[in-house]
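First up is the structure itself, then whatever we jot down about it.
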Amino acid sequence: MKYWLMKSEPSVFGIDALSAAAKKTSPWDGVRNYQARNMLRDQFTIGDQAFFYHSSCKEPGIVGIVNVVKAGYPDFTALNPKDSHYDPTSTPENPRWYMVDVCLKEHFKRVISLDELRRHESKELSGMLLLRRGNRLSITPLVTAHWQFIVSLV
DNA sequence: GCCAACGTTGGC
DNA sequence: GCCAACGTTGGC
């Protein structure tokens, strides 16, 4: 069982959209970065947990917890010419991009903001990848201690 | 394999 | 909208 942090822009796909989905479950699609792709494809397993992080919005931060309910499989949005994440270099025989399915487990009553996380950067959350300068990776692993500390903030 | 140019991310 | 940081592309 591993812990992750997954970023999404709420204007594109936020926690409310996941909450409104059937069974509160949805593919986490559209990841088009090789490092993140490799994690989705090779490291995500059923039962892993992830923080849902809202980026590029008024109050960036963690808004909830999701469970991984389906491990890595080919991202079908890459095969659809009508989709904004279409990638002509990906084929059914040789899929380039991968996704997982997530199910909403907890929708926090408040946002654990980036600002708040930063206040613990030099101590409890030291080394957390999200807080690294210039980090743009949309999926990052979390050590257990960081996961537990953030849960304790909720 | 180098690296300049370009595109994207994401906080502010 | 700005811009720093990073990833990708493609010529050489």
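Counting with this note's numbering, you get residues 4 to 157 for the letters of the first sequence. We treat Cβ as the ideally placed atom computed from N, Cα and C, and that holds for glycine. Keep in mind the model is a prediction, meaning the values are calculated, not measured.
Taken in chain order, the unbroken stretches of beta strand (DSSP E) that lie wholly in the stretch 44 to 104 and span 3 residues or more are 52 to 57, 64 to 77. Contact annotation: Gly-64 and Val-105 have beta-carbon atoms that are not nearer than 7 Å. Between Asp-78 and Tyr-101, the gap from beta carbon to beta carbon is short of 7 Å. Rounded to whole angstroms, Arg-44 and Leu-156 show a C-alpha spacing of 31 Å.
Residue environment analysis places Thr-80 among the buried positions, since at least 16 neighbouring C-beta atoms fall within 10 angstroms of its C-beta. Bridge pairing for His-110: Gly-67 [DSSP].
Approximately 7 Å separates the beta-carbon atoms of Lys-5 and Gln-46; this is inside 8 Å, confirming the contact.
For Leu-8, the uninterrupted beta strand (DSSP E) run begins and ends at 6 to 11, by DSSP.
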